[in-house]
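Residue numbers (this note's numbering): 463 to 782. Glycine is no exception: its CB is placed at the ideal position from the N, C-alpha and C atoms.
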(Lines of atoms letter the chains of each structure in order from A and count residues from 1; the text may use other names and numbers.)
(Lines give C-alpha, C1' and ligand atoms only; values in the text may rest on other atoms or scores of the structure.)
Protein backbone atom coordinates (compact mmCIF):
# COMPACT_ATOMS: atom_id res chain seq x y z
CA UNK A 1 0.00 0.00 0.00
CA UNK A 2 2.80 2.40 0.87
CA UNK A 3 4.48 1.74 -2.49
CA UNK A 4 1.20 2.42 -4.31
CA UNK A 5 0.63 5.74 -2.49
CA UNK A 6 4.21 6.77 -3.23
CA UNK A 7 3.73 5.84 -6.90
CA UNK A 8 0.56 7.92 -7.15
CA UNK A 9 2.28 10.90 -5.56
CA UNK A 10 5.20 10.69 -7.99
CA UNK A 11 2.89 10.86 -11.01
CA UNK A 12 1.34 14.18 -10.00
CA UNK A 13 2.85 17.40 -11.39
CA UNK A 14 5.91 15.69 -12.83
CA UNK A 15 8.12 16.47 -15.77
CA UNK A 16 9.23 13.79 -18.18
CA UNK A 17 12.16 13.55 -20.55
CA UNK A 18 12.62 11.56 -23.76
CA UNK A 19 16.13 10.88 -25.03
CA UNK A 20 15.86 10.26 -28.75
CA UNK A 21 13.61 12.15 -31.18
CA UNK A 22 13.21 9.56 -33.90
CA UNK A 23 10.43 7.12 -34.77
CA UNK A 24 9.92 5.90 -31.20
CA UNK A 25 10.98 9.01 -29.30
CA UNK A 26 8.64 11.40 -31.06
CA UNK A 27 5.71 9.03 -30.46
CA UNK A 28 6.52 8.66 -26.77
CA UNK A 29 6.82 12.43 -26.35
CA UNK A 30 3.56 12.94 -28.26
CA UNK A 31 1.74 10.44 -26.03
CA UNK A 32 2.95 12.00 -22.79
CA UNK A 33 2.25 15.58 -23.89
CA UNK A 34 -1.16 14.64 -25.27
CA UNK A 35 -1.97 13.31 -21.80
CA UNK A 36 -1.01 16.63 -20.22
CA UNK A 37 2.59 16.03 -19.17
CA UNK A 38 5.40 18.51 -19.74
CA UNK A 39 8.01 16.77 -21.90
CA UNK A 40 11.65 17.63 -22.51
CA UNK A 41 13.12 15.91 -25.56
CA UNK A 42 16.58 15.77 -27.06
CA UNK A 43 18.56 13.91 -29.69
CA UNK A 44 22.26 13.82 -30.51
CA UNK A 45 21.44 14.46 -34.19
CA UNK A 46 20.63 18.15 -34.90
CA UNK A 47 18.40 17.24 -37.85
CA UNK A 48 16.28 15.01 -35.62
CA UNK A 49 15.85 17.83 -33.09
CA UNK A 50 14.89 20.25 -35.86
CA UNK A 51 12.32 17.86 -37.31
CA UNK A 52 10.67 16.53 -34.16
CA UNK A 53 8.02 19.25 -33.69
CA UNK A 54 6.84 18.89 -37.28
CA UNK A 55 6.88 15.14 -37.00
CA UNK A 56 4.74 15.23 -33.86
CA UNK A 57 2.31 17.67 -35.50
CA UNK A 58 1.97 15.41 -38.56
CA UNK A 59 1.27 12.38 -36.37
CA UNK A 60 -1.35 14.32 -34.40
CA UNK A 61 -3.08 15.37 -37.63
CA UNK A 62 -3.26 11.73 -38.73
CA UNK A 63 -4.88 11.01 -35.37
CA UNK A 64 -7.57 13.59 -36.10
CA UNK A 65 -6.45 16.39 -33.77
CA UNK A 66 -7.35 19.94 -34.86
CA UNK A 67 -4.74 22.67 -35.21
CA UNK A 68 -5.62 24.41 -31.94
CA UNK A 69 -5.24 21.18 -30.01
CA UNK A 70 -1.98 20.39 -31.81
CA UNK A 71 -0.61 23.79 -30.81
CA UNK A 72 -1.54 23.21 -27.15
CA UNK A 73 0.18 19.83 -27.18
CA UNK A 74 3.33 21.20 -28.81
CA UNK A 75 3.55 23.91 -26.15
CA UNK A 76 4.04 21.13 -23.59
CA UNK A 77 7.13 19.85 -25.42
CA UNK A 78 10.50 21.59 -25.11
CA UNK A 79 13.43 20.61 -27.31
CA UNK A 80 16.89 20.62 -25.74
CA UNK A 81 20.32 20.45 -27.39
CA UNK A 82 21.83 18.21 -24.70
CA UNK A 83 20.96 15.34 -22.37
CA UNK A 84 21.88 17.33 -19.22
CA UNK A 85 19.46 20.09 -20.16
CA UNK A 86 16.65 17.67 -20.93
CA UNK A 87 16.90 15.58 -17.77
CA UNK A 88 17.76 18.13 -15.10
CA UNK A 89 14.16 18.50 -13.83
CA UNK A 90 12.68 15.19 -14.96
CA UNK A 91 10.91 12.74 -12.66
CA UNK A 92 10.70 10.12 -15.44
CA UNK A 93 13.24 9.65 -18.22
CA UNK A 94 12.56 7.44 -21.24
CA UNK A 95 15.56 6.54 -23.39
CA UNK A 96 14.63 5.80 -27.02
CA UNK A 97 18.01 5.53 -28.73
CA UNK A 98 19.00 2.98 -31.42
CA UNK A 99 19.35 -0.68 -30.38
CA UNK A 100 23.08 -0.56 -29.57
CA UNK A 101 24.19 -1.70 -26.12
CA UNK A 102 27.24 0.56 -25.76
CA UNK A 103 25.24 3.60 -26.87
CA UNK A 104 22.42 2.97 -24.41
CA UNK A 105 24.86 2.37 -21.56
CA UNK A 106 26.70 5.62 -22.34
CA UNK A 107 23.40 7.54 -22.43
CA UNK A 108 22.37 6.21 -19.02
CA UNK A 109 25.75 7.09 -17.54
CA UNK A 110 25.17 10.68 -18.68
CA UNK A 111 21.56 10.65 -17.50
CA UNK A 112 22.55 9.45 -14.03
CA UNK A 113 25.14 12.20 -13.77
CA UNK A 114 22.65 15.01 -14.39
CA UNK A 115 19.14 13.77 -13.54
CA UNK A 116 17.48 14.20 -10.12
CA UNK A 117 18.52 11.48 -7.69
CA UNK A 118 14.98 10.08 -7.46
CA UNK A 119 14.15 10.14 -11.19
CA UNK A 120 12.98 6.85 -12.68
CA UNK A 121 15.12 5.72 -15.61
CA UNK A 122 13.49 3.64 -18.35
CA UNK A 123 15.00 2.11 -21.47
CA UNK A 124 12.85 1.49 -24.52
CA UNK A 125 14.05 -1.62 -26.34
CA UNK A 126 12.41 -4.49 -28.18
CA UNK A 127 14.62 -7.37 -27.05
CA UNK A 128 17.82 -6.13 -25.38
CA UNK A 129 18.38 -7.18 -21.74
CA UNK A 130 17.47 -4.29 -19.44
CA UNK A 131 19.76 -5.58 -16.68
CA UNK A 132 22.79 -5.29 -18.98
CA UNK A 133 21.77 -1.85 -20.22
CA UNK A 134 21.55 -0.59 -16.63
CA UNK A 135 24.60 -2.48 -15.33
CA UNK A 136 26.79 0.62 -15.00
CA UNK A 137 24.36 2.64 -12.87
CA UNK A 138 25.22 3.41 -9.26
CA UNK A 139 21.55 3.21 -8.20
CA UNK A 140 19.88 0.35 -10.05
CA UNK A 141 16.65 0.20 -8.03
CA UNK A 142 15.10 3.06 -10.03
CA UNK A 143 15.96 1.57 -13.44
CA UNK A 144 13.64 -0.57 -15.55
CA UNK A 145 12.53 -1.25 -19.09
CA UNK A 146 9.53 0.15 -20.93
CA UNK A 147 8.97 -1.52 -24.29
CA UNK A 148 6.71 0.78 -26.30
CA UNK A 149 5.44 -0.78 -29.52
CA UNK A 150 5.71 0.89 -32.92
CA UNK A 151 4.03 3.29 -33.51
CA UNK A 152 4.07 4.17 -29.79
CA UNK A 153 1.31 6.78 -30.05
CA UNK A 154 -1.10 4.28 -31.64
CA UNK A 155 -0.29 0.91 -30.02
CA UNK A 156 -1.75 0.81 -26.47
CA UNK A 157 0.65 -1.73 -24.98
CA UNK A 158 3.79 -0.87 -23.01
CA UNK A 159 5.71 -3.72 -21.38
CA UNK A 160 7.23 -2.67 -18.04
CA UNK A 161 10.26 -4.86 -17.38
CA UNK A 162 11.66 -5.49 -13.93
CA UNK A 163 15.33 -6.26 -13.40
CA UNK A 164 16.60 -8.09 -10.32
CA UNK A 165 17.30 -4.65 -8.79
CA UNK A 166 14.16 -2.69 -9.73
CA UNK A 167 12.12 -1.51 -6.76
CA UNK A 168 8.40 -2.10 -6.50
CA UNK A 169 7.91 1.66 -6.08
CA UNK A 170 9.55 2.28 -9.46
CA UNK A 171 7.34 -0.34 -11.14
CA UNK A 172 4.17 1.06 -9.53
CA UNK A 173 5.02 4.65 -10.45
CA UNK A 174 5.73 3.70 -14.06
CA UNK A 175 2.52 1.69 -14.36
CA UNK A 176 0.57 4.64 -12.95
CA UNK A 177 2.18 7.15 -15.32
CA UNK A 178 1.48 4.97 -18.34
CA UNK A 179 -2.14 4.35 -17.36
CA UNK A 180 -2.64 8.10 -16.86
CA UNK A 181 -1.26 8.57 -20.39
CA UNK A 182 -3.91 6.21 -21.78
CA UNK A 183 -1.60 3.25 -22.33
CA UNK A 184 -2.14 -0.40 -21.42
CA UNK A 185 0.92 -1.38 -19.37
CA UNK A 186 1.73 -4.96 -18.39
CA UNK A 187 4.29 -6.10 -15.84
CA UNK A 188 7.14 -8.33 -17.02
CA UNK A 189 8.51 -9.80 -13.80
CA UNK A 190 11.67 -11.36 -15.28
CA UNK A 191 14.12 -9.75 -17.71
CA UNK A 192 14.09 -12.35 -20.51
CA UNK A 193 15.04 -11.74 -24.18
CA UNK A 194 12.05 -10.41 -26.13
CA UNK A 195 9.94 -9.93 -22.98
CA UNK A 196 6.35 -11.11 -23.67
CA UNK A 197 5.17 -9.64 -26.96
CA UNK A 198 8.19 -10.31 -29.12
CA UNK A 199 8.56 -13.86 -27.83
CA UNK A 200 4.98 -14.54 -28.91
CA UNK A 201 5.33 -12.64 -32.19
CA UNK A 202 8.56 -14.32 -33.24
CA UNK A 203 7.31 -17.77 -32.31
CA UNK A 204 4.62 -17.15 -34.94
CA UNK A 205 7.14 -15.70 -37.40
CA UNK A 206 9.46 -18.70 -36.98
CA UNK A 207 6.68 -21.10 -37.94
CA UNK A 208 5.54 -18.79 -40.78
CA UNK A 209 9.04 -18.78 -42.29
CA UNK A 210 9.30 -22.55 -41.84
CA UNK A 211 6.05 -23.17 -43.72
CA UNK A 212 7.44 -21.31 -46.74
CA UNK A 213 10.90 -22.89 -46.42
CA UNK A 214 9.38 -26.40 -46.37
CA UNK A 215 7.28 -25.70 -49.48
CA UNK A 216 3.99 -26.13 -47.64
CA UNK A 217 2.71 -22.79 -48.97
CA UNK A 218 3.97 -19.44 -50.21
CA UNK A 219 4.35 -16.22 -48.23
CA UNK A 220 1.08 -14.78 -49.54
CA UNK A 221 -0.82 -17.83 -48.26
CA UNK A 222 0.70 -17.46 -44.78
CA UNK A 223 -0.29 -13.80 -44.56
CA UNK A 224 -3.77 -14.51 -45.92
CA UNK A 225 -4.41 -17.26 -43.36
CA UNK A 226 -3.41 -15.03 -40.44
CA UNK A 227 -5.35 -11.97 -41.64
CA UNK A 228 -8.45 -13.91 -42.69
CA UNK A 229 -8.61 -16.33 -39.76
CA UNK A 230 -7.35 -16.19 -36.19
CA UNK A 231 -5.81 -12.74 -36.66
CA UNK A 232 -9.31 -11.28 -36.82
CA UNK A 233 -10.13 -12.34 -33.28
CA UNK A 234 -6.76 -11.68 -31.64
CA UNK A 235 -7.72 -8.11 -30.70
CA UNK A 236 -10.49 -9.42 -28.45
CA UNK A 237 -9.45 -13.03 -27.73
CA UNK A 238 -5.97 -13.79 -26.47
CA UNK A 239 -4.39 -17.23 -26.98
CA UNK A 240 -4.94 -18.44 -23.43
CA UNK A 241 -8.50 -17.13 -23.42
CA UNK A 242 -8.97 -19.08 -26.64
CA UNK A 243 -7.51 -22.22 -25.04
CA UNK A 244 -9.99 -21.90 -22.19
CA UNK A 245 -12.79 -21.21 -24.68
CA UNK A 246 -12.21 -24.42 -26.65
CA UNK A 247 -11.16 -26.32 -23.53
CA UNK A 248 -7.78 -27.26 -22.14
CA UNK A 249 -8.54 -30.91 -22.93
CA UNK A 250 -8.94 -30.19 -26.66
CA UNK A 251 -5.87 -27.94 -26.52
CA UNK A 252 -3.87 -30.84 -25.07
CA UNK A 253 -5.12 -33.23 -27.77
CA UNK A 254 -4.08 -30.77 -30.50
CA UNK A 255 -0.66 -30.23 -28.92
CA UNK A 256 -0.07 -33.98 -28.76
CA UNK A 257 -0.58 -34.11 -32.53
CA UNK A 258 1.02 -30.91 -33.83
CA UNK A 259 3.79 -29.71 -31.52
CA UNK A 260 6.37 -32.30 -32.58
CA UNK A 261 6.07 -31.11 -36.20
CA UNK A 262 6.36 -27.38 -35.47
CA UNK A 263 9.62 -25.59 -36.22
CA UNK A 264 11.94 -25.89 -33.21
CA UNK A 265 15.47 -25.24 -34.46
CA UNK A 266 17.36 -23.04 -32.01
CA UNK A 267 18.73 -20.75 -34.73
CA UNK A 268 17.29 -18.64 -37.57
CA UNK A 269 15.86 -20.23 -40.71
CA UNK A 270 18.34 -20.82 -43.57
CA UNK A 271 15.73 -19.23 -45.84
CA UNK A 272 15.79 -16.03 -43.80
CA UNK A 273 19.60 -16.03 -43.73
CA UNK A 274 19.70 -16.51 -47.51
CA UNK A 275 17.31 -13.60 -48.13
CA UNK A 276 19.49 -11.29 -46.06
CA UNK A 277 22.69 -12.51 -47.73
CA UNK A 278 21.13 -11.82 -51.15
CA UNK A 279 20.14 -8.29 -50.14
CA UNK A 280 16.44 -9.11 -50.17
CA UNK A 281 15.67 -7.02 -47.09
CA UNK A 282 11.96 -6.49 -47.50
CA UNK A 283 10.24 -3.24 -48.38
CA UNK A 284 13.41 -1.14 -48.13
CA UNK A 285 15.07 -3.18 -50.93
CA UNK A 286 11.94 -4.03 -52.90
CA UNK A 287 11.91 -7.73 -52.10
CA UNK A 288 11.93 -10.01 -49.07
CA UNK A 289 9.53 -12.89 -48.66
CA UNK A 290 7.37 -10.93 -51.13
CA UNK A 291 8.08 -8.31 -53.82
CA UNK A 292 7.29 -4.65 -53.06
CA UNK A 293 7.12 -1.57 -55.23
CA UNK A 294 7.51 1.76 -53.42
CA UNK A 295 3.81 2.37 -54.05
CA UNK A 296 2.82 -1.01 -52.59
CA UNK A 297 4.92 -0.40 -49.49
CA UNK A 298 3.45 3.09 -49.00
CA UNK A 299 -0.10 1.79 -49.40
CA UNK A 300 0.46 -0.93 -46.81
CA UNK A 301 2.00 1.45 -44.28
CA UNK A 302 -0.90 3.85 -44.70
CA UNK A 303 -3.40 1.00 -44.41
CA UNK A 304 -1.84 -0.10 -41.11
CA UNK A 305 -1.86 3.47 -39.77
CA UNK A 306 -5.51 3.99 -40.75
CA UNK A 307 -6.46 0.68 -39.13
CA UNK A 308 -4.72 1.56 -35.86
CA UNK A 309 -6.25 5.05 -35.77
CA UNK A 310 -9.72 3.63 -36.49
CA UNK A 311 -9.25 0.96 -33.82
CA UNK A 312 -8.15 3.57 -31.28
CA UNK A 313 -11.28 5.58 -32.04
CA UNK A 314 -13.50 2.55 -31.64
CA UNK A 315 -11.88 1.64 -28.32
CA UNK A 316 -12.22 5.19 -27.03
CA UNK A 317 -15.92 5.28 -28.07
CA UNK A 318 -16.54 1.98 -26.27
CA UNK A 319 -14.81 3.24 -23.12
CA UNK A 320 -16.97 6.35 -23.13
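Range covered by the alpha helix (DSSP H) that runs through residue i
| i | result |
| --- | --- |
| residue 501 | Residue 501 -> not in any alpha helix (DSSP H); beta strand (DSSP E) instead, spanning 500 to 504. |
| residue 491 | 485 to 496 |
| residue 851 | Nothing in the structure corresponds to residue 851, since the chain is present only between 463 and 782. |
| residue 592 | 592 to 595 |
| residue 569 | 563 to 576 |
| residue 535 | 529 to 536 |
| residue 755 | Per DSSP, residue 755 belongs to no alpha helix (DSSP H) and is neither H nor E. |
| residue 509 | 508 to 524 |
| residue 706 | 701 to 708 |
| residue 548 | 545 to 549 |
Same chain only: Cβ atoms within 8 Å of residue i, ignoring 5 sequence neighbours per side
| i | result |
| --- | --- |
| residue 521 | 488, 489, 492, 613, 615 |
| residue 576 | 545, 546, 549, 550 |
| residue 771 | 524, 525, 526, 616 |
| residue 680 | 674 |
Start and end residues, beta strand (DSSP E) containing residue i
| i | result |
| --- | --- |
| residue 584 | 582 to 585 |
| residue 481 | 477 to 481 |
| residue 539 | 539 to 542 |
| residue 557 | 554 to 557 |
Counted within 10 angstroms of its Cβ, other Cβ atoms place residue i as buried (16 or more) or exposed
| i | result |
| --- | --- |
| residue 663 | exposed |
| residue 716 | exposed |
| residue 474 | Note that residue 474 has pLDDT 49, beneath the 50 cutoff, so the model's placement of it is unreliable and the number below is only indicative. Flag for residue 474 reads exposed. |
| residue 480 | buried |
| residue 739 | exposed |
| residue 477 | buried |
| residue 708 | exposed |
| residue 649 | exposed |
| residue 628 | buried |
| residue 626 | exposed |
| residue 507 | exposed |
| residue 482 | buried |
| residue 697 | exposed |
| residue 747 | exposed |
| residue 766 | exposed |
| residue 690 | exposed |
| residue 623 | buried |
Own chain, CB closer than 6 Å to residue i, minus 5 neighbours either side, in chain order
| i | result |
| --- | --- |
| residue 769 | none |
| residue 742 | 749, 750 |
| residue 465 | Annotation note: pLDDT 48 at residue 465 (below 50); position unreliable, no value reported. |
| residue 518 | 488, 492 |
| residue 499 | 478 |
| residue 712 | none |
Among the options, the one whose alpha carbon lies nearest that of residue i
| i | options | result |
| --- | --- | --- |
| residue 639 | 625, 608, 571 | 608 |
| residue 750 | 734, 757, 762, 756 | 734 |
| residue 587 | 565, 678, 675 | 565 |
| residue 774 | 758, 526, 507, 580 | 526 |
| residue 578 | 553, 602, 591 | 553 |
| residue 652 | 593, 523, 670 | 593 |
| residue 731 | 704, 723, 658, 676 | 676 |
| residue 596 | 668, 694, 574 | 574 |
| residue 542 | 570, 512, 530 | 512 |
| residue 656 | 505, 700, 590 | 590 |
| residue 505 | 710, 682, 540, 529 | 540 |
| residue 752 | 531, 556, 682, 514 | 682 |
| residue 419 | 567, 604, 666 | The question about residue 419 has no answer here: the residues shown for the chain are numbered 463 through 782. |
| residue 611 | 758, 744, 582, 485 | 485 |
| residue 584 | 668, 538, 535, 556 | 556 |
Cut-off 7 Å between Cβ atoms - residues of its own chain near residue i, not counting five sequence neighbours on either side
| i | result |
| --- | --- |
| residue 618 | 645, 646 |
| residue 469 | No answer about residue 469 holds up, because its pLDDT of 45 lies below 50 and its placement is not dependable. |
| residue 494 | 478, 501, 643 |
| residue 760 | none |
Restricting to runs no shorter than 3 residues, where is the beta strand (DSSP E) found entirely within the region 603 to 686? 605 to 610, 619 to 623, 646 to 650
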